[in-house]
Every structure is written in structure tokens, then in C-alpha cells.
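Worksheet for the structure shown next.
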Amino acid sequence: MRRPLALATTAATALLLTTACTGGGEAEPTASGSPSESASATAEETPDAAAGGASEECILGTWQVDTAALQESMAQLFALGGEELSGMSMTVTGEGTYEFAEGGAFSTTSDMTSGVSMSVEGMEIVTEGTSTGTMTGTWALEGDQLTLSDLDTSGLTVTTTGTMNGDPIDIPEGSAEGAMQAAPPTASTVACTEDTLTLTTTSALDESSEPLSISYTLRR
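Those letters in the sequence shown? Residues 0 to 219, by numbering that gives the first Met the number 0.
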């Protein structure tokens, strides 16, 4: 039972931290196709972007997390995650902003909630996570590779609660901290247009999972 619960809590917490720490609003401007296919399509439809899919001038400014695209992207991720993730579902609500400033300063604000539910071994497990506060760091672009570094999470508060068959459960100790370290995609492939910023990264929900690619969408 510990592994399914860990998957649910890690998924919820990592999602919140990803939206707070990385670039962005989960999946693509559209949810059609696989995450990687969507990212490729976005880059191809941006002829004025740099060869790598973006330019610093395009990325500069404040962006809003597209929570609907984020939720769809996570659904695609679960679908690709094999039998253990096939029964998972997730909801995402709230608001998040990202600011890429001249000179390389990066900041984000988050007021978001995610919920993960799953059925396993006759049990209904539900977890909910909240992410509030701010985070700062630096950003750099080389070709189509966006790097976030020097992330300061001291202004960000992440909490996770859970129930099993309706009864409160103890979240595995260290779940939030582990997700905090793993979630920020410090390196991602970026595509940028005037009103849409898409970042694609590869990660795993836990140490025993195969890495999966997922894209995030931000809007002006």
C-alpha cells in the first residue's frame, strides 16, 4: 500500500511544485497528440522564433499558468505511465504566474490546488495538495534549452493531505521534500510565440518509474 500512496502524494506535490518552479502550464496550447508531438507542432508553427524554438525577447515578461492544459497534460502522463498510473486522475485549480526579467532574474507566484485520486487493491486513495507563495531564481536560454537555477523556495508553502476510503491517512514522511527536490525541471526545451510559451521536460514520478516527457503551457 505504501507505493500506491507514495505515487499519489508524489504526483500531487510534484505537480504543484512543477507549476510553481518550472516553466509552466502544463501541456500544450492544444491537448491533441502526445506531449512531445504537441511541442514539435508548436515549434514548427513559430517561424519567427529562434532556431531552437524561442528567443530571449519572446520569453521576457509575465506569463500565466494554463491550468486546463496542465490538467490534460498530466492525464496524458498518467496514460503513458503504465498499469500503476492508469487508475489515477487529477484536477488542478488556482492561479500561477511566471516572470522572466531582463538580466536573468526569474520569479513565480502560486496559489494552486491539485487533487489526485486512485483505486488500488480495493482502496480509494485521495490526496490534495496546495501551493502558495513565491519562488525566485535565475534563467538562461541557449538555443531551445531553458535552464532555471539558484531556485529559492523559502517563500513557497506546499502542503499535502490524504484519505483512504474516506479516513484521514498519514502522508509518507518526506514526500513533499522529495518532490520539492525533484519537481523543478531545471532544464527544458522551449517554444515561444507572442502569446504562448511551451516547455517540455522529461522526468519520473518516482525512482522506480521510467522517465516520461511532459509539456507545460504558459499564456500571456
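Here a beta-carbon is modelled for each residue, glycine too, at the ideal position from N, C-alpha and C.
Any idea if G102 is buried or exposed, counting beta-carbon neighbours within 10 angstroms, 16 or more meaning buried? exposed
Here's a check: name, in chain order, each residue in its chain whose Cβ is nearer than 8 Å to the Cβ of G154, leaving out the five neighbours to either side. G132, T133, M134 and T135
From V119 to N164, what distance separates their C-alpha atoms? 11 Å
Residues sharing a beta bridge with C191, DSSP: L196
Contact set for A186: own chain, Cβ-Cβ below 6 Å, skip 5 residues either direction: T146
Would you list the residues sitting across from R218 in a DSSP beta bridge? Q63 and T195
In whole angstroms, what is the alpha-carbon distance linking A100 and G121? 50 Å
Beta strand (DSSP E) containing I168: first to last residue? D166 to I168
Tell me the rounded alpha-carbon separation between A150 and T188. Checking the sequence shown, residue 150 turns out to be Leu, not Ala. Distance between the alpha carbons of L150 and T188 is about 18 Å.
Since G93 and D110 are thought to touch, with beta carbons under 8 Å apart, how far apart are those beta carbons, to the nearest angstrom? 5 Å
Taking C-beta to C-beta, are G114 and T158 nearer than 8 Å? no
State the CB to CB distance for the pair Q63 and T96, rounded to an integer number of angstroms; the pair is presumed to be in contact (CB under 8 Å). 6 Å
Can you tell me whether A53 is helix, strand or coil according to DSSP? coil
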